[in-house]
Amino acid sequence: MFLIIAVGLFVLVRLAPGDPAETLVPIDAAPGQREELVKAAREQLGLDKPVPVQFVLWFGSLLKGDLGYSFSTHQAVGQLLLDRLGPTVLLMGSALVLGLLIAIPVGIIAAVRRDTFVDAAAGTVSVIALAIPSFFLAMLGIYVFAVKLRVLPSAGMYFSGESDVGDLLYHLILPVSVLALAVAAAFTRYIRSGMLEQLGQDYIRAIVAKGAGPFRATMHAFRNSLIPLVTVLALYIPAFLSGAVVVEQIFSWPGMGQMAVNALIVRDYPVITGFGLYVAVLVLICNLLADVLYTVVDPRVRTAR
Amino acid sequence: MTAAPVLSLEGVTLDLKTGDDYVRILRDVTFDVAAGEIIGIVGESGSGKSMTALSILQLLPPKARLTAARIGFDGADLAGLRPAELRKVRGRRIGMVFQDPMTTLDPVVQVGRQIDEAYRIHHPRAGRAEAREKSLAMLRLVGVPDAQNRAKQYPHQWSGGMRQRAVIAMALVNDPEVILADEPTTALDATIQAQVLDALMRARDELGVAVVLITHDLGVISQVASRVVVMYAGGVVEIAGTRELFADSRHPYSAALIHSRPGAHRRGEPLVAIPGRPPLMSDLPAGCPFAPRCASPYKSERCVTQRPALEPSVDGRLSACHYRDEPQEVIA
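Protein chains in written order, with this note's numbering: chain A, 1 to 305; chain B, 1001 to 1332.
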């Protein structure tokens, strides 16, 4: 599985138009010199060898845990990914948690109070939030809170290189809010529809017949609605942890998404393939995690002892 | 009936909203349940049997409108109770067993836990151990073997018949006065049916609980019920002791129902069905709702124009037929 992904990634990246060596050589180099510089760069990067040879070399070092070095910055790709992972996990994790913290109660209430004003309001807000592109919301946020009100920073993680938790939280507010809104909007709908399905089940009526109040009945329904939610989350988390390309770019957040975009622009093959591998591994891990979670939330999946 | 009724329905009428209109699903349903008796409610699908049971505990769909002269239970009127008071009756003093045991239990909660929960809802100060002890006692009463270990399993690990016993145990755990059993054996294999009925009878014998047994199966009724309420098109058409009903029913619908049982025929004879179909609840005839299908030789113009009320006959039998005093067996 991993080998297929590795081969696919490697070939696809190299099939893409553009030559990384070209982008490394200054455009204003003298015409005669330029050709030679490009050739030298190509040799230095190992791009003069045939693609299969390149692959074997790359894959060999990959097995030793070496993802190669960035063409443009010459940093080790593994280190680069690790450096970017922290900020992305922080940003995306906070957004995901915050979004779910909003979506779960709102979705449950919308389902329980179906067809009331609360439900309609939640539905309308979530449609609007889903319809607004995140870049627009991000720029709106910057305009209102950073430019006009001057209460929040517009970009970056820290003010001036120093790492201070309060400072970091301060910088997180805007990007996290923008991303959390999208998460909340999407998951409110998932949770509402999942809850509606469960609330209509016979066992809920049976629980009410036992004398349970509305809260207890709702909790039973919620517990059951987690089963389909695990599937959605397993698909959602890898996409999320690979970074929000647009939002990271707008807020100059030094995360995965920003790194990937920059690498693509300069055809930084090792970084692109490294990023691709990271996403692939993430998908695999999340699917594995989902399978494990199923056995936690759904006793029917547990194998018979 | 001699004993004072534990539950008495008086004029229960239910309207269900379908589209923009309300359709009358139950009309003036009236009957008593005596303490410790097993009373059957029979009728075809759609005759309002289940809705009657749901009305008692008000487990109705949100678009239902219930009007009742009175649903008397222990001096109170269930139809007029506030939700919090109703909750103290549900599961505590009136238990409910539903038709399909495959969907009645929460699939992600251990069976024992669900029975514990029924107990702990009404005994908030009871500990886990106490609740489990009660649950296990009830599971044993309804005939679940190895209750202690099986209680820790999930519903999908239980067979249909076993699950229905669990549901019955759940309904019994608070020692209620009445159990409403809505087609408790319909979803089960014929071989399992008898065992589940047996569990209900044992509950009655040992705990003295009254059982309202809703079914369309006259065979089940004849086995366990002492009295029968026959329903047709949302109304009660006859109430009689089981033996009297089978020997000498006083309503042409009951008579036809009894006659259409497979057991009523000799081998090789074709089975008899009641011709026609029940009327649409939204389009009931002005007279007797059974008149269009009625094969009674007494049928007259009066049956089409005037709806008969549920009244006693000269020998004290309750029937909603204008000709309740005439012998009915001639129909067959």
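A virtual CB, placed ideally from N, CA and C, is assigned to each residue, including glycine. Note that this is a predicted model, so its numbers are computed, not measured.
Asked                                                                                                                           : Found
Among B:R1128, B:V1196, B:V1220, B:V1237, nearest to Y1323 (chain B) - alpha-carbon criterion                                   : B:V1237
Nearest-angstrom Cα separation, counted from K1299 (chain B) out to D1325 (chain B)                                             : 13 Å
Option in B:A1225, B:G1268, B:R1266 with minimal Cα separation from E1244 (chain B)                                             : B:A1225
Contact under 8 Å by Cβ, E1010 (chain B) with R1093 (chain B)                                                                   : no
Contact set for I109 (chain A): own chain, Cβ-Cβ below 7 Å, skip 5 residues either direction                                    : V118
Residues of its chain near D100 (chain A), where Cβ-Cβ distance is below 8 Å and the 5 sequence neighbours each way are ignored : First, the residue type needs correcting, since residue 100 (chain A) is Leu and not Asp in the sequence shown. V183, A184, F187.
Distance CB(V1108 (chain B))-CB(V301 (chain A)) smaller than 8 Å                                                                : no
Cutoff 8 Å: G211 (chain A) Cβ touching any chain B Cβ                                                                           : yes
Proximity winner among B:G1040, B:L1139, B:D1028, B:G1046, relative to A1069 (chain B) (alpha-carbon distances)                 : B:D1028
Buried versus exposed call for H1251 (chain B) [16 or more other C-beta atoms within 10 Å across all chains shown]              : buried
Buried or exposed by the 16-neighbour rule on C-beta atoms within 10 Å, applied to D1032 (chain B)                              : buried
Min CB distance G1091 (chain B) to chain A below 8 Å                                                                            : yes
N1149 (chain B) burial status per 10 Å Cβ neighbour count (16 or more: buried)                                                  : exposed
Whole-angstrom distance between A21 (chain A) and I272 (chain A), CA atom to CA atom                                            : 15 Å
M343 (chain A), DSSP secondary structure in three states                                                                        : Past the edges of chain A, shown from 1 to 305, lies residue 343 (chain A), and the structure says nothing about it.
Pairwise C-alpha distance: R205 (chain A) and L199 (chain A)                                                                    : 8 Å
Under the three-state DSSP convention, the category L1197 (chain B) falls into                                                  : helix
Own chain partners of R1204 (chain B) with C-beta closer than 7 Å, once the 5 adjacent residues on each side are dropped        : G1036, I1038, V1211
Where the alpha helix (DSSP H) containing S225 (chain A) begins and where it ends                                               : 214 to 241
Simplified DSSP state of V1108 (chain B), which is helix, strand or coil                                                        : coil
Within chain A, the residues that C1057 (chain B) reaches when beta carbons sit closer than 9 Å                                 : Residue identity check: residue 1057 (chain B) is Leu in the sequence provided, not Cys. Residues of chain A passing the Cβ test: V208, A209.
Proximal residues to D1175 (chain B) (C-beta, below 8 Å), its chain only, five neighbours per side dropped                      : L1207, V1209
Range covered by the alpha helix (DSSP H) that runs through T124 (chain A)                                                      : 117 to 131
L15 (chain A) versus G8 (chain A) - alpha carbon distance                                                                       : 10 Å
Nonlocal neighbours in the same chain, by C-beta distance under 6 Å from A1332 (chain B), ignoring five residues either side    : For A1332 (chain B), the predicted model reports a pLDDT of 44, less than 50, meaning its position is unreliable; a value from the coordinates is still stated below. Here the set comprises H1259.
Inter-residue CB distance, P238 (chain A) and C286 (chain A) (contact presumed, cutoff 8 Å)                                     : 5 Å
Interfacial residues, the region 112 to 133 of chain A to chain B, with Cβ spacing under 7 Å                                    : none
Min CB distance E1130 (chain B) to chain A below 8 Å                                                                            : no
I1274 (chain B) - DSSP class collapsed to helix/strand/coil                                                                     : coil
Under 8 Å between C-beta atoms of D1106 (chain B) and N262 (chain A)                                                            : no
Enclosing alpha helix (DSSP H) for F135 (chain A) [first to last residue]                                                       : 134 to 141
C-alpha gap between I1168 (chain B) and A1256 (chain B), whole angstroms                                                        : 32 Å
Cα-Cα separation between A1084 (chain B) and L1060 (chain B), rounded to whole angstroms                                        : 16 Å
Euclidean distance between Cα positions of V1304 (chain B) and D1283 (chain B)                                                  : 14 Å
Beta-bridge partners of P1312 (chain B), as assigned by DSSP                                                                    : B:L1318
Sequence-distant residues of its chain with Cβ nearer than 7 Å to Y1119 (chain B) (five each side left out)                     : A1126, A1131, K1134, S1135, V1173, N1174
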